[in-house]
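*Asks:*
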Amino acid sequence: MTVITSESAHVSLLPLSLHLVVTIVDDIAFFRATHTFWNNSSHDLDRAAFTFPLPAGCAVSDFGCDFGHRGRFRSITSKVQAREDARFAFEQSAQAKRPTGLLEQNSTEVFTATIGNIAGHARLRTYLTYFGYLRSTLLQKGSTSRDLTLTIPSSIAKRYGVPPPQFQGSGQALRPFLTEYNIHVYHLAQPTFTSNKKIRWEWDSSGGSWLVNYVRMHSPPGDFELCIRTASSSGEGQAFFEATNGTLGHQFAMMITIPPKQIANTKPRAEESDIIFLADRSGSMQDKIGALKKAMNVFLKGLPTERRFNIWCFGSSNNSMWRTSVEYNAQTLKAAENEVSSWSANMGGTELLEALRALDRSLSSTSMVDIIVLTDGQVWDLDSTVGFVKERTEATRGRMRFFALGIGTEVSHGLVEGIAKYGGGYSEVIQGTNPTIYAERLNAMLGAAKVNHISSIQVEVDGRLLSQSTNAFEVVEWNHDGDPIPPATLSSPADLSKIGGFTRTRLFLMYDAVSSPLIDTTPREVCIKEVDPLGFESSIARIQVIRMPNDGVANFIHKAAARALLGDLEFRESWIQMHPGAPDAGSHQEISLTRRHGVHLGCTWGLVSKWTSFFIQVGSGR
């Protein structure tokens, strides 16, 4: 966390504590974070900003502040507005000397809260509510357990390398402050817990949950990771349906969880495919070079004999061990092991994007290749890097796949998970704290790379097939301005052929009964099928739909669907790009249309995004 205050050197806003309550239900995590700060001066503070990381892809659904002075607190409440409108409203309130605040998204993992007009010696409490999903390790042959990982990031700059100018020069070094995490775990059978931090856990009979506690007075040295192993498998899918009422009208949403492939159930590889390792040897890997070497040795020893392979390294520059991939045999294995043993973190900066481009240029247009990136994820240009991976995966029709292994305690999960998601592959993160978990994650990654290329998922709702390319059941249209009209049924991902098979993938649908009559207002069954490269279908799961309670308050499925749709808009993977008459990429029409629908989704469902922010103003509470 970075705190930025006014230019007056004698005025500072000191962090006192962070209290985080996490509720885990199956593989969904709900967070409630409370930060407490103190203006340690008698002078009023015009404004202060603190920038902090959150789990990649999480949905921020509420933000509030309490201003404290002389033992009294005033609450300020928030509402979501278009980013420019929220910024303007904040500046107006700040200039009028009213307590106010603003929460903005800088990237999918980094957010900034700016608070205005904090009285001298006042305490400030901020509240943040968000939700996300636990990472699930790929199931192995004969597995009867399930591994879930909760990661709570605690730092920003290191995971991204040298920050751009807008993030440089104005932050304070933080003094130690109290950090407490209380994690409640529900509905997981016989869980066991391991962590890279010192934790305590116990069964809370009054609440019917496991309670995991972490407390420390410190400046956070690295991300908090909690690994949960349960006795139940995640091999089954789920489908939830939710209807809204009240001011939002009759809106409907579905969340369909598609079960991952199990390595044991995959067919033998039918085509030849190279495996290329792209290893980060930049200066930031200095304290992780041992873990990198260990991971590479595990990978090298686990390669199948029929595969060709090569090793690339990158930093400020990049190079390959061999000009082209070589056959895997005793001689090439020994040469590769000798090469890896000589590595050091001496290649300068972290130019991952240029290394990916150079590697791509070295391949033939018909190459079938699996690229495994090993990195600490310390790059700032996440969008361009993930965008390149997405473009190459699409251009090669899945012949090129990308996998990512994050190494260290401050990995950018947005980077490694984005590479895997848009590269048709799989991602893992290792911190080296548990040898068993370490080996299992490496084997899961290599196992995923051995699975055949180019298969797709088909989804049917009550026997009706969702379109693979237009994200809807219906024909799309244009309005009188020449803009494409959104399909009556929106889905995320918009292109169902992008659904991967290595993780518990979620498919979201959002629609209403009037404009989308082909879906029943209460769907009953979802059927998920896999189609192999020859067009043969195999049924993965038939799932009965569970209707969520219609309380009209939480609307969790709708908020989750809206956040997924916003993510598609942010990465230019939405219905707009899938439309048969899609605007030209990067055109004013595409940018304007994307922003308009991003603002609509964010404001309707109260979510922070690239286009929407929380504006907070004085309320009547204490």
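So the sequence shown is residues 1 to 622, counted in full-length UniProt numbering. Beta carbons are placed, not taken as given, at the ideal position from N, Cα and C, and that holds for glycine.
1) Out of SER206, SER209, ALA439, which has the shortest C-alpha to C-alpha gap to VAL298?
2) Taking Cβ positions, are ILE152 and PRO191 nearer each other than 7 Å?
3) Using 8 Å as the Cβ pair cut-off and three pairs as the minimum, do the stretch 405-423 and the stretch 376-388 touch?
4) Helix or strand or just coil, what does DSSP make of LEU18?
5) TYR422 lies in the alpha helix (DSSP H); which residues open and close that run?
6) Give me, in chain order, the residues of the same chain whose beta-carbon lies closer than 8 Å to that of ALA582; leave out the 5 immediate sequence neighbours on both sides.
7) Here's a check: name, in chain order, each residue in its chain whose Cβ is nearer than 7 Å to the Cβ of TYR160, leaving out the five neighbours to either side.
8) Less than 7 Å between the beta carbons of SER384 and ALA404, yes or no?
9) Is GLN458 helix, strand or coil when you go by DSSP?
10) With three or more C-beta pairs closer than 8 Å as the rule, is the stretch 271-286 touching the stretch 559-578?
11) Since PRO102 and PHE90 should fall inside the 8 Å C-beta cutoff, what is the C-beta to C-beta distance between them, to a whole number of angstroms?
12) Would DSSP call TYR438 helix, strand or coil?
13) Would you decide whether GLN286 is buried or exposed? Buried here means 16 or more other CB atoms lie within 10 Å of its CB.
14) Roughly how many angstroms separate the alpha carbons of THR129 and LEU226, rounded to a whole number?
15) Ordered along the chain, which non-local residues of its own chain (more than five positions away) have a Cβ less than 6 Å from that of ASN265?
16) Give me whichever residues DSSP pairs with ASP274 in a beta bridge.
17) Whether or not the stretch 13-28 and the stretch 77-92 are in contact is what I'm after, with contact meaning three or more pairs of Cβ atoms, one per stretch, closer than 8 Å; do they touch?
18) If distances are taken between C-alpha atoms only, which option among LEU303, MET347, GLY207, THR332 comes closest to ILE289?
19) Only counting the same chain, and skipping five residues up and downstream in sequence, which positions put a Cβ closer than 8 Å to that of GLU339?
20) List the DSSP bridge partners of THR129.
21) So for TRP575, helix, strand or coil by DSSP?
22) Ends of the alpha helix (DSSP H) at GLY290?
23) In terms of alpha-carbon separation, which member of LEU465, LEU359, LEU333, ASN40 lies closest to GLU530?
24) Need the endpoints of the beta strand (DSSP E) that TRP203 sits in, please.
25) Let me confirm a value: GLN92 is counted as buried when at least 16 other C-beta atoms fall within 10 Å, else exposed. Which label applies?
26) Return the first residue and the last residue of the alpha helix (DSSP H) that ASP381 is part of.
27) Quick one: what does DSSP say HIS43 is sitting in, helix, strand or coil?
28) Tell me the DSSP secondary structure of PHE556 in three-state form.
29) Would you please state the rounded distance, in angstroms, between the beta carbons of LYS559 and SER41? I believe it to be under 8 Å.
30) Between the Cα of ASP360 and the Cα atoms of ALA336, THR332, ALA395, TRP343, which residue gives the shortest distance?
31) Less than 7 Å separating the beta-carbons of SER316 and GLY349?
32) Tell me which residue opens and which closes the alpha helix (DSSP H) that PRO345 is part of.
33) Tell me, to the nearest whole angstrom, how far the beta carbon of LEU300 is from that of ALA336; I am working on the premise that it is less than 8 Å.
34) By DSSP, does MET321 sit in helix, in strand, or in coil?
35) Measuring alpha carbon to alpha carbon, tell me which of PHE131, ALA48, SER155, HIS187 ends up nearest ALA122.
36) Give me the Cβ distance between ILE546 and PHE241, rounded to the nearest whole Å; I'm assuming they're in contact under 8 Å.
*Replies:* Looking at the atomic coordinates:
1) The shortest Cα separation from VAL298 among SER206, SER209, ALA439 belongs to ALA439.
2) Their beta carbons are not under 7 Å apart, which means ILE152 does not touch PRO191 by this criterion.
3) When C-beta atoms of the stretch 405-423 are compared with those of the stretch 376-388, three or more pairs fall below 8 Å, so the two segments count as touching.
4) Here LEU18 sits in strand by DSSP.
5) Element bounds for TYR422: 413-422.
6) Taken in chain order, the residues that qualify are PRO484, ILE576, GLU590.
7) Since pLDDT at TYR160 reaches only 47, below the 50 mark, its modelled position is unreliable, and the value read off the structure follows with that caveat. Excluding sequence neighbours, TYR160 sits near GLN378, VAL379, TRP380, SER412.
8) Result no, Cβ atoms of SER384 and ALA404 do not sit closer than 7 Å.
9) GLN458: strand per DSSP, three-state reduction.
10) Between the stretch 559-578 and the stretch 271-286, the count of C-beta pairs closer than 8 Å stays below three; the two stretches do not touch.
11) A small fix is needed here, since residue 102 is Leu in this sequence, not Pro. Yes, they are in contact, since the Cβ atoms of LEU102 and PHE90 sit about 4 Å apart, within 8 Å.
12) In this structure, DSSP gives TYR438 a helical state, which the three-state scheme calls helix.
13) So GLN286 ends up on the exposed side.
14) Using only the alpha carbons, I get a separation of about 20 Å.
15) Bear in mind that a pLDDT of 47 at ASN265, under 50, signals an unreliable position, so the number given afterwards is only what the model happens to contain. Contacts found: none.
16) Answer is VAL369.
17) Contact annotation: the stretch 77-92 does not touch the stretch 13-28, with fewer than three C-beta pairs closer than 8 Å.
18) Among LEU303, MET347, GLY207, THR332, the Cα nearest to that of ILE289 belongs to MET347.
19) The answer, listed in chain order, is ILE311, MET321.
20) Note: THR129 sits in a beta bridge opposite ARG32, ASP62.
21) Of the three classes helix, strand and coil, the one that applies to TRP575 here is helix, per DSSP.
22) Secondary structure note for GLY290: its alpha helix (DSSP H) is the uninterrupted segment 289-302.
23) Per the Cα distances, LEU465.
24) Residues 200-204.
25) Exposed is the label assigned to GLN92, since fewer than 16 other Cβ atoms lie within 10 Å of its Cβ.
26) For ASP381, no alpha helix (DSSP H) encloses it, and the DSSP letter there is neither H nor E.
27) Here DSSP, grouped into helix, strand and coil, assigns HIS43 to coil.
28) Helix, per DSSP.
29) Wrong, their Cβ atoms sit about 39 Å apart, outside the cutoff.
30) When each option's Cα is compared against that of ASP360, the closest is ALA395.
31) Contact flag set, yes.
32) A small fix is needed here, since residue 345 is Ala in this sequence, not Pro. Unbroken run through ALA345: none, as it is neither H nor E.
33) Sure, about 5 Å apart at Cβ, within 8 Å.
34) Coil at MET321, not helix or strand.
35) The shortest C-alpha separation from ALA122 is found at ALA48.
36) In this structure ILE546 touches PHE241 by the C-beta definition: roughly 7 Å separates them, less than 8 Å.
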